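K.L.:
Attaching a single structure in structure tokens format; questions to follow.
Protein chains: 2
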Amino acid sequence: MTAPPPSRTLDHPPRDAIRLEGVLHALSDPMRLRIVRRLAAAEDELSCSLFGLPISKSTTTHHFRVLRESGVIQQCYRGTAKMNGLRRDDLDALFPGLLDSLLRAAALQARRLREG
Amino acid sequence: MTAPPPSRTLDHPPRDAIRLEGVLHALSDPMRLRIVRRLAAAEDELSCSLFGLPISKSTTTHHFRVLRESGVIQQCYRGTAKMNGLRRDDLDALFPGLLDSLLRAAALQARRLREG
Numbered sequence: 041m042t043a044p045p046p047s048r049t050l051d052h053p054p055r056d057a058i059r060l061e062g063v064l065h066a067l068s069d070p071m072r073l074r075i076v077r078r079l080a081a082a083e084d085e086l087s088c089s090l091f092g093l094p095i096s097k098s099t100t101t102h103h104f105r106v107l108r109e110s111g112v113i114q115q116c117y118r119g120t121a122k123m124n125g126l127r128r129d130d131l132d133a134l135f136p137g138l139l140d141s142l143l144r145a146a147a148l149q150a151r152r153l154r155e156g
Numbered sequence: 041m042t043a044p045p046p047s048r049t050l051d052h053p054p055r056d057a058i059r060l061e062g063v064l065h066a067l068s069d070p071m072r073l074r075i076v077r078r079l080a081a082a083e084d085e086l087s088c089s090l091f092g093l094p095i096s097k098s099t100t101t102h103h104f105r106v107l108r109e110s111g112v113i114q115q116c117y118r119g120t121a122k123m124n125g126l127r128r129d130d131l132d133a134l135f136p137g138l139l140d141s142l143l144r145a146a147a148l149q150a151r152r153l154r155e156g
């Protein structure tokens, strides 16, 4: 008998355990905001490896975990790839209009800083 | 000659130094979110002592400082009182609609948790 493989499912808060404070904390970091903007633009699940962030792999993993544990994204394994998707339905149901408002604010700031 | 009194003005970031990440970090704490909701409801400046938060005076001071340094509130002395006001004009100019969207989300969550 061999030991069972380590679990390949990841913990996610159910919708009613998602808290505004946790969502805002998750989005209060420039890298995590960048990840969320990219996912929103893609309108699809994206593999972690696609983001090409200018940070170490372990820091990248940390940021994705903070986003998952706060309820902002869902993560699942597809073969060897870890796929990420925005939990838009959950966030829109809990906080109508907030995600779009945050994405607009982030886009405005990015443009302002680029043109600054 | 006597030494000049210690400065009674407090540092505030100018509008163009306010960052979305800093605003979201400031609002990612339940006490700070509560302070901001109260200021938004008051539509006026309020003295720190009015809030009656269930935390120590030094923690209260810390929370107000985080809100000020992120550009969410302005603080000034009136006699012995430290007065606080939302920087609504600055926030609305930088991130149109965001503050109202955040306040709505906070109100919805407060109702949901109360009724939960």
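Protein chains in written order, with this note's numbering: chain A, 41 to 156; chain B, 41 to 156. We put the CB at the ideal spot given by N, CA and C, even for glycine. No experiment lies behind these values; they were computed from the predicted model shown.
1) Are the C-beta atoms of residue 57 of chain A and some chain B residue less than 8 angstroms apart?
2) Ignoring anything shorter than 4 residues, give me the alpha helix (DSSP H) runs that lie fully in the stretch 91-117 of chain B, in order along the chain.
3) Beta carbons nearer than 7 angstroms to chain A: which residues of the stretch 63-88 of chain B have them?
4) Quick check on the DSSP output: the beta strand (DSSP E) that includes residue 153 of chain B runs from which residue to which?
5) Could one say the Cβ of residue 141 of chain B lies closer than 8 angstroms to chain A's Cβ atoms, at least one of them?
6) If I'm right that residue 76 of chain A touches residue 107 of chain A with Cβ under 8 angstroms, what's the distance once you round it to whole angstroms?
7) Do you know offhand how far residue 155 of chain B's Cα is from residue 145 of chain B's?
8) At a Cβ threshold of 8 angstroms, is residue 146 of chain A touching chain B?
9) For residue 72 of chain B, does the count of other Cβ atoms within 10 angstroms reach 16, so buried, or fall short, so exposed?
10) Which stretch, first to last residue, makes up the beta strand (DSSP E) that contains residue 121 of chain B?
P.N.:
In short:
1) no
2) 97-109
3) 64, 65, 67, 68, 69, 70, 73
4) No beta strand (DSSP E) holds residue 153 of chain B; the alpha helix (DSSP H) holding it covers 138-155.
5) yes
6) 7 angstroms
7) 15 angstroms
8) yes
9) buried
10) 121-126
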